[in-house]
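Below is one structure, written out as structure tokens, with a few remarks after it.
Below you can see the structure in the form of structure tokens.
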């Protein structure tokens with residue numbers, strides 16, 4: 020979502036004021052994340068190259084005993100406008116009731132799969148250049164509801180020292196009228212989205228392994244033009260992640276089922292990706308493979324049919340130069356089912372201060 | 738001239754370099770062996786938890802353990818990435834280098850899974866922070882821990 024430009028100075032000023040002089044309330048330390056990139060793209064036989072500063076991420080967090088506050092405000096430059104605009108990505112207040120229950124309210128990253136709430140807008144922490152397309156943010160063409168506005172609860176239950184269950188439960192506004200919007204202020208229909216994620220975290224020899232599943236139910240509101248009708252949505256997914264012994268592995272799969280309420284027509288989209296890297300000192304070479312299969316009939320919400328199905332492969336290396344700076348070099352190829360390939364080379368400098 | 742004759746000067750240099758490498762390696766290994774046990778985890782005396790496993794130490798410093806068994810919210814106190822205590826935590830407990838651990842901690846804070854650690858300049862400041870916060874935990878040198886003030890005790894690991 021791209022809010023109207025202007026006014027970001029006011030928000031930035033407020034954050035600085037809070038950060039510098041908010042002693043009467045609480046000191047809120049601020050971190051800045053961002054990246055500057057260079058990309059060479061070959062599409063339809065034409066090659067182009069461009070530098071970019073796509074975003075600056077202003078992150079603030081503070082804890083007062085059991086209460087935890089967090090906000091992430093991103094100044095994003097639109098590819099179409101070349102102008103920066105403000106996006107409040109996260110704004111949440113948590114209360115840590117017990118070790119097995121934390122409740123939160125606000126706008127947060129939906130607990131779906133592994134990637135979405137493990138990696139946010141700061142590119143420093145993401146291994147490759149960019150997120151997998153399935154879990155891209157709404158304004159980046161992603162398929163998942165990346166952000167939710169509502170209530171969140173999570174916790175860990177230890178069955179033994181070698182096996183824990185992590186749960187997440189969310190009740191939120193759900194999808195907006197288009198897949199690129201988030202219902203920040205007004206839910207377009209009465210029904211609320213429900214999301215559940217369960218994850219097993221083994222210990223001992225399997226420490227670092229996560230195995231999880233998620234289910235999301237919502238009712239997608241019709242848009243004003245009637246192009247996208249009233250639909251029921253069910254998203255079911257599985258994910259696996261492993262981070263130990265210098266191995267970085269993430270794999271996710273989601274099935275998106277959209278059922279038109281009036282006609283009963285179903286549209287099923289399946290998306291999958293796997294990302295793997297091996298850390299060699301400060302360098303981590305990696306590979307990523309993605310595949311998304313859209314339904315034969317046009318899904319009115321994703322506005323894509325089978326012709327838009329694609330497979331993507333990427334290979335690259337990340338160098339952690341310091342605790343504040345990372346450099347990445349990546350080559351990527353995207354192959355559409357109906358033909359037409361896109362190739363790009365990306366160099367990225369990501370920072371975290 | 739024999740087919741495999743060796744220049745005596747080169748041989749001596751190789752032997753000399755090998756000896757230097759061996760001595761250098763010895764000091765590195767000896768140093769690691771010595772500092773490996775030279776740091777310990779401390780806690781506020783009001784915290785009823787007396788001992789934790791190494792896995793639990795990891796959970797504490799990476800935000801997976803959010804509250805103590807007594808109920809208080811875990812507060813971590815850490816030195817800088819270049820401090821010996823942080824290096825000990827990274828290499829001895831997490832089996833990674835300090836840069837990787839710092840990156841991981843920053844990521845957990847960014848995710849919202851971990852409260853931002855209290856940053857301290859040295860062991861004295863760490864001990865002071867732990868003394869002032871019933872839920873705080875820190876890594877300090879064993880030498881400093883030998884004379885902890887009232888209100889701060891060692892958190893045993895097993």
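Chains as they are written, first to last, in the numbering used here: chain D, 20 to 372; chain R, 738 to 895.
We put the beta carbon where it would ideally sit given N, CA and C, even for glycine.
If you're wondering where the values come from, they're calculated on a predicted model, not measured in any experiment.
> Are there three or more Cβ pairs, one per stretch, closer than 8 Å when the stretch 96 to 116 of chain D is compared with the stretch 222 to 242 of chain D?
Replying inline: Touching, no, given that fewer than three Cβ pairs across the two stretches are closer than 8 Å.
>> Taking a contact to mean a Cβ-Cβ separation below 8 Å, would you say residue 298 of chain D touches residue 265 of chain D in this structure?
In response: Against the first chain, residue 298 of chain D aligns to sequence position 279. Against the first chain, residue 265 of chain D aligns to sequence position 246. Yes, Cβ-Cβ distance for residue 298 of chain D and residue 265 of chain D is below 8 Å.
> Could one say the Cβ of residue 818 of chain R lies closer than 8 Å to chain D's Cβ atoms, at least one of them?
Replying inline: Within the second chain, residue 818 of chain R is the residue found at index 81, counting from 1. Chain D contact via Cβ: present.
> How many whole angstroms separate the CB atoms of residue 295 of chain D and residue 268 of chain D, which I take to be in contact at a CB cut-off of 8 Å?
Replying inline: Walking along the first chain from the start, residue 295 of chain D turns up at place 276. Walking along the first chain from the start, residue 268 of chain D turns up at place 249. About 5 Å separates the beta carbons of residue 295 of chain D and residue 268 of chain D, which is inside the 8 Å limit, making them a contact pair.
>> Per DSSP, what are the beta-bridge partners of residue 270 of chain D in this structure?
In response: Within the first chain, residue 270 of chain D is the residue found at index 251, counting from 1. Answer is D/259, D/293.
> How far does the alpha helix (DSSP H) with residue 799 of chain R in it reach, from first residue to last?
Replying inline: In the second chain, residue 799 of chain R corresponds to position 62, counting from 1. It spans 791 to 799 - the alpha helix (DSSP H) in which residue 799 of chain R sits, taken as one unbroken run.
> Quick one: what does DSSP say residue 321 of chain D is sitting in, helix, strand or coil?
Replying inline: In the first chain, the residue the question calls residue 321 of chain D occupies position 302. Residue 321 of chain D: coil per DSSP, three-state reduction.
>> Between residue 146 of chain D and chain R, is any beta-carbon pair separated by less than 8 Å?
In response: What you label residue 146 of chain D is simply residue 127 of the first chain in a count that begins at 1. No - not a single Cβ of chain R is within 8 Å of the one on residue 146 of chain D.
> residue 738 of chain R by DSSP, collapsed to three states: which one?
Replying inline: Indexing the second chain from 1 puts residue 738 of chain R at position 1. Since pLDDT at residue 738 of chain R reaches only 41, below the 50 mark, its modelled position is unreliable, and the value read off the structure follows with that caveat. Coil, per DSSP.
> Once you ignore the five residues that flank residue 39 of chain D on each side, which residues in its own chain have a CB closer than 6 Å to its CB?
Replying inline: To locate residue 39 of chain D, count along the first chain from 1; it is residue 20. Any reading at residue 39 of chain D must be qualified, since the residue scores a pLDDT of 43, below 50, and its modelled position is unreliable; no value is offered.
>> Let me check understanding here. Comparing Cα to Cα, which of D/58, D/69, D/75 lies closest to residue 49 of chain D?
In response: Position 30 of the first chain holds residue 49 of chain D. Comparing Cα positions, the closest option is D/75.
> Is DSSP giving residue 840 of chain R helix, strand or coil here?
Replying inline: Taking the second chain and counting its residues from 1, one reaches residue 840 of chain R at position 103. Residue state, collapsed to three classes: helix.
>> Which complete alpha helix (DSSP H) runs does the stretch 807 to 859 of chain R hold, if anything under 4 residues is left out?
In response: The stretch 807 to 859 of chain R contains these whole alpha helix (DSSP H) runs: 821 to 825, 835 to 848.
> Cα separation between residue 885 of chain R and residue 855 of chain R?
Replying inline: On the second chain, position 148 is the one that residue 885 of chain R refers to. On the second chain, position 118 is the one that residue 855 of chain R refers to. Between residue 885 of chain R and residue 855 of chain R, the C-alpha separation is close to 19 Å.
>> Give me the subset of the stretch 72 to 88 of chain D whose CB atoms are less than 7 Å from a CB atom of chain R, sorted by chain position.
In response: Residues are counted here when their Cβ sits less than 7 Å from a Cβ of chain R; for the stretch 72 to 88 of chain D these are 78, 80, 82, 84, 85, 87, given in chain order.
> Which residue comes first and which comes last in the beta strand (DSSP E) that contains residue 347 of chain D?
Replying inline: Counted from its first residue, the first chain places residue 347 of chain D at position 328. Element bounds for residue 347 of chain D: 344 to 355.
>> Once the 5 residues before and after residue 293 of chain D are set aside, which same chain residues still bring their CB inside 6 Å of it?
In response: Along the first chain, read from residue 1 onward, the residue named residue 293 of chain D stands at position 274. Closer than 6 Å at Cβ, skipping near neighbours: 270, 308.
>> Determine, for residue 337 of chain D, whether the minimum Cβ-Cβ distance to residues of chain R falls below 8 Å.
In response: Here residue 337 of chain D refers to the residue found at position 318 when the first chain is read from its first residue. For residue 337 of chain D, the nearest beta carbon of chain R is not closer than 8 Å to its own beta carbon.
> What residues match up with residue 390 of chain D in a beta bridge as DSSP calls it?
Replying inline: It is not possible to answer for residue 390 of chain D, since the shown part of chain D is limited to 20 through 372.
> So, do the stretch 842 to 852 of chain R and the stretch 786 to 793 of chain R have three or more beta carbon pairs nearer to each other than 8 Å?
Replying inline: Segments in contact, no.
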